[in-house]
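Read through the structure below, which is laid out as structure tokens, and then see the notes.
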Amino acid sequence: MGGQKGNSSDGRGGGGGRSVVVDSPIPAGLLKECRARVSEGVEGVGRNQCVHGRLVTPLLQGDDGGGGGPRVVEYKQVLTLSRRKDGTEGETGGRENGSEDEEDLRGWVVAGEAGRGKSTLARDVAKSWISGRLPRFQALFIINGYQLAECEIWDVIKSQIPECVCRCGGPVVAEWMEEAPVLIIIDDFIPNLAEAELESALTEWKMASFLLLTVPSEMVECHRLLSSHFPSVQLSLEGLDLTDALHLSSRYLPATQLEHFRIWLTYNGDFCREVMSYGSLILSACDAWKHGFISPTKTTTLTEMIWGLVESRISTSDIASDIRGMETWISVLGKICRRVLETNRLLNKEELEMEAKKLFSSEVLKKVVSSLFPTSTSAASPSVLSFPQSLTQFLAGWDALTQNLRGTPLKALVKLISDEDSIVVYTAGHLIHFLNWEPECKEKQILRVAKNLILHMDRAKDRFGYTCRIMYELKLHPKIMQIISDEVDFPKQWDINSIGILLHPIKYLLHNVKTPHKVLISLEKGYTAPDLSDVVSLFSSAGISMFLSDMNQLNWGSRETSDALLNIIHNGVGKLDDFIGCLSCNTISSLGKFETTRNIVCLRVRVKDVTSIQAVMKCPNELPNLMWLEVDFDLAINEVVGLEVPKVNTPLMDVSFRDMTDEQIPDVCEFLSRLRTRFSGLHLMRSKITPQGAMNLLKYFFRKRMSTSADPTVINTYRLWRFTALAHLPPKQKLTEETAQHLIGYDDRNHYSDNEIRSSVSTTRVTARTLANFFGVLQDVVFFRYVCDNFSVVKNTDGTTTFEELF
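Each residue of the sequence shown is one higher than the one before, starting from 1 at the first, in the UniProt record's numbering.
Below, the structure written as structure tokens:
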């Protein structure tokens, strides 16, 4: 790496523990030169250029849907986060204020899509250091990750303090770096381009701290690199929610327009958030609304919304007269953006200027490059630009369409892009825009694009959701819909996930293709799905059986509740077979009173009070077809364990608890023994259970002759109902595990022994290995997962045990 290697016998390098500030003299002039360099990098970055985002620390073991959730962190708090030795996170003012049960973080990984505010965060940290609010760092260096693919990190550092290196000598500065508490910020860090250089720095610069800014897909790998050397944390830059977006919009719209804008955004939230979650696009969206380029009558899709932004920016600028040049410029940008997504690299300002020179005069060139579309610059290099991710995908989709119209297969245009589905969806939206421009477009060209959109269905991550999205963006164009109806074979069961809950496409499919036997509707956390009630009503009125899955976020405080959905089903004719979510006591008690819900087969419900628990315990007697009951106890353990409960005789039963400790295990086990002796799953989430506590729980089950796995006969009965692939099994053929796996397509045994403990404690390797050995000798436990802060131990369905250290 260029620096001289020093001795490290005092153990101040990698590993945990508290940082030790080395009292070594700073080379003459280094601090002054470093401050000047950093000040120059952040100077002139005004408020309008800052990208507003929400920085969050994810739950250590993920959000289980039961409250809690990620914690929002202010930019200024990032480098004051600490991690307690039990694995949880806290906040301190630095080493001086930290307590003995805390260890200072020396690594931060912040992930976010382009335009979320990573470079803004880097500049804010730099400003804090310049103003003296980060005294623990003697120097600060900001590096662009792409530089490390071309030169050594030490050469980049030297280039930022050339006068100091010249005055003191490179070896002296290199030796100081080995022991100096400095902060190194690497913007746009991509591991496969710069991992070797980072490893060298982590090894040689024993007291340095690192802030890595990267994309979401690289967050885990970046965290692994840092945490293998010292305590680190990973954070995510999430988009603005509707409240934040409207707060910013209030700066740009008068009150009367703002209220109409708010109503429109609320109803169209799922596609509008692809724009409004980016702070840098909100001004453009408000201008487009103000000038009529976005409106409730003309803007009904995401592609139309972004076209409204683009047309508004062009028409309100002083370069609008050269419209032909602007059309060509958008095509040029589309080609560049598609390459950016393929290579994971960012835009280069010099390249944009070179392309713009071919189209525009010198008077308008600068305006075209810098002001037509909102861009953000890298904190380390002003020549590196990025568009907000949704705008980049929009432009890449335009290039995909124009090239597909010329004959290039769509597959070849998107196969190197990680999120290829989004590009193809934009391509569908662009086709409608193109037809408005060129109404005389040859039918052969339309047919080519339509067939390419259909061919992509087999590559889509969510086939049905993708189909609904392209239909929505195509605005149900008659010719293309006819091609879809004629050429696409839809399954008997429709799996409709969050992005596919769109009323008009589903209504079209219901009336023009085969009617499904069942539909499974699931809603991921964070999605609002404004059409959900209408979609449920549509299927209910048509008499189609439904599964409502993963409705946990439709809880008692949300705008739309599961209770309201059940009320729709009660008033329809389509039956509900399966439900997962939150229900009130009154709705639980009403399930057996309606023909549409009394034949529920699987009921998995989250309860928050004692009366709801009592109501759900009566369900086995009131729902004659109930095979699987799962009760998620979302209240204090001591409120649950003392309850008098009846025996539950359903064939399968899961239970979930939160916030358990080792001390509460005996009481919980005693409570469970009063319910039944055989469970199909135990879920102990957000707990503080140690490996010894997990072993104690299983020992209690063994002593009481209780089981954490469902009966094999019951499993096959459930399989025959659940999986359509088993419907044609000959009556006399025995359903073996091998046959089930072959017909279903995967090993589903973990579903019927779905035992999991998620804990925030830290443990030792020896203790975790002991738990792994304990799992290995258990015969009755088919599957069990224990995950704490630093280890994961899994008993697999094939009898093996997986042991993994987490970073």
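Just so you know, even glycine gets a beta-carbon here, dropped at the ideal spot from N, CA and C. None of these values were measured; they are calculated from a predicted model.
Checking 8 Å against the spacing of the C-beta atoms, do residue i and residue j come in under that value?
i: isoleucine 432; j: glutamine 393; result: no
i: isoleucine 665; j: glycine 642; result: no
i: leucine 246; j: alanine 194; result: no
i: glycine 132; j: phenylalanine 189; result: no
i: tryptophan 129; j: leucine 183; result: yes
i: serine 673; j: lysine 704; result: yes
i: phenylalanine 775; j: valine 766; result: no
i: threonine 661; j: lysine 688; result: yes
Who are the Cβ neighbours of residue i in its own chain at under 8 Å, not counting the five residues just before and after it?
i: methionine 1; result: Bear in mind that a pLDDT of 49 at methionine 1, under 50, signals an unreliable position, so the number given afterwards is only what the model happens to contain. Glu152, Ile153, Trp154, Glu197, Ser200, Ala201, Glu204, listed in sequence order.
i: histidine 570; result: Ser590, Phe594, Thr596, Thr597
i: leucine 31; result: Gln138, Ala139
i: glycine 465; result: Ile496, Asn497, Ser498, Ile499, Gly500
i: valine 22; result: With a pLDDT of only 44 at valine 22, under 50, the local geometry of the prediction cannot be trusted, and no value is derived from it.
i: asparagine 48; result: Note that asparagine 48 has pLDDT 36, beneath the 50 cutoff, so the model's placement of it is unreliable and the number below is only indicative. Excluding residues within five positions, the ones whose Cβ falls inside 8 Å are Leu283.
So is residue i buried or exposed if we call it buried at 16+ other beta carbons inside 10 Å?
i: isoleucine 263; result: exposed
i: methionine 653; result: buried
i: leucine 354; result: One detail in the question is off: residue 354 reads as methionine in this sequence, not leucine. Per the 10 Å Cβ criterion, exposed.
i: alanine 450; result: buried
i: aspartate 10; result: For aspartate 10, the predicted model reports a pLDDT of 34, less than 50, meaning its position is unreliable; a value from the coordinates is still stated below. It is exposed - the Cβ of aspartate 10 has fewer than 16 other Cβ atoms within 10 Å.
i: cysteine 337; result: buried
i: aspartate 187; result: buried
i: lysine 479; result: exposed
i: glutamate 630; result: buried
i: lysine 118; result: buried
i: threonine 375; result: buried
i: alanine 126; result: buried
i: tryptophan 176; result: buried
i: glycine 745; result: exposed
i: serine 217; result: exposed
i: aspartate 486; result: exposed
i: lysine 158; result: buried
From what residue to what residue does the beta strand (DSSP E) around residue i run?
i: isoleucine 153; result: Careful: isoleucine 153 lies outside any beta strand (DSSP E), inside the alpha helix (DSSP H) at 153 to 160.
i: glutamine 733; result: That residue, glutamine 733, is in no beta strand (DSSP E); it is neither H nor E in DSSP.
i: methionine 627; result: Run containing methionine 627: none; DSSP gives neither H nor E here.
i: glutamate 351; result: Per DSSP, glutamate 351 belongs to no beta strand (DSSP E); it is in the alpha helix (DSSP H), 349 to 357.
i: serine 545; result: 545 to 551
i: glycine 776; result: Here glycine 776 belongs to no beta strand (DSSP E); instead the alpha helix (DSSP H) covers 765 to 777.
Could you pull the start and end residues of the alpha helix (DSSP H) that residue i belongs to?
i: cysteine 585; result: 585 to 590
i: glutamine 234; result: Glutamine 234 -> not in any alpha helix (DSSP H); beta strand (DSSP E) instead, spanning 232 to 238.
i: serine 128; result: 118 to 130
i: isoleucine 470; result: 463 to 473
i: arginine 785; result: Run containing arginine 785: none in the alpha helix (DSSP H); it sits in the beta strand (DSSP E), 784 to 787.
i: residue 865; result: Within the shown structure, residues of the chain are numbered from 1 to 807, placing residue 865 beyond reach of any answer.
i: glycine 170; result: 170 to 179
i: serine 533; result: 532 to 541
i: valine 781; result: Per DSSP, valine 781 belongs to no alpha helix (DSSP H) and is neither H nor E.
i: tryptophan 205; result: Taken as a continuous stretch (DSSP letters only), tryptophan 205 belongs to no alpha helix (DSSP H), as it is neither H nor E.
i: phenylalanine 261; result: 255 to 267
i: phenylalanine 394; result: 389 to 405
i: serine 284; result: 279 to 290
Could you pull out every residue in the same chain whose Cβ sits closer than 7 Å to the Cβ of residue i, ignoring the five residues on either side in sequence?
i: serine 383; result: Asn348, Lys349, Glu350
i: proline 516; result: Lys492, Gln493, Trp494, Ile544
i: phenylalanine 163; result: The displayed chain sequence assigns glutamate, not phenylalanine, to residue 163. Taken in chain order, the residues that qualify are Gly29, Glu33.
i: asparagine 649; result: Pro620
i: valine 45; result: The predicted position of valine 45 is uncertain, since its pLDDT is 48 and thus under 50; no value can be drawn from it.
i: arginine 676; result: Lys647, Val648, Met653
Determine which residues share a DSSP beta bridge with residue i and list them.
i: valine 513; result: In the DSSP output, where bridge partners are listed per residue, valine 513 has none listed.
i: glycine 107; result: Phe210, Ser232
i: lysine 688; result: Thr661
i: threonine 801; result: Lys795
i: phenylalanine 633; result: Val607
i: aspartate 754; result: DSSP lists no partner for aspartate 754.
i: arginine 678; result: Ser707
i: valine 655; result: Val631, Leu682
i: asparagine 144; result: Asp187
i: isoleucine 600; result: Paired residues: none, contrary to the question.
i: isoleucine 580; result: Arg604
i: isoleucine 496; result: Ile521
Keeping to the same chain, check which residues put their C-beta closer than 6 Å to that of residue i; ignore five residues upstream and five downstream.
i: glutamine 61; result: For glutamine 61, the predicted structure reports a pLDDT of 32, less than 50, and the residue's modelled location is therefore unreliable. A value from the coordinates is still provided. So the qualifying residues of the chain are Arg758, Val787.
i: glutamine 234; result: Val109, Met219, His223
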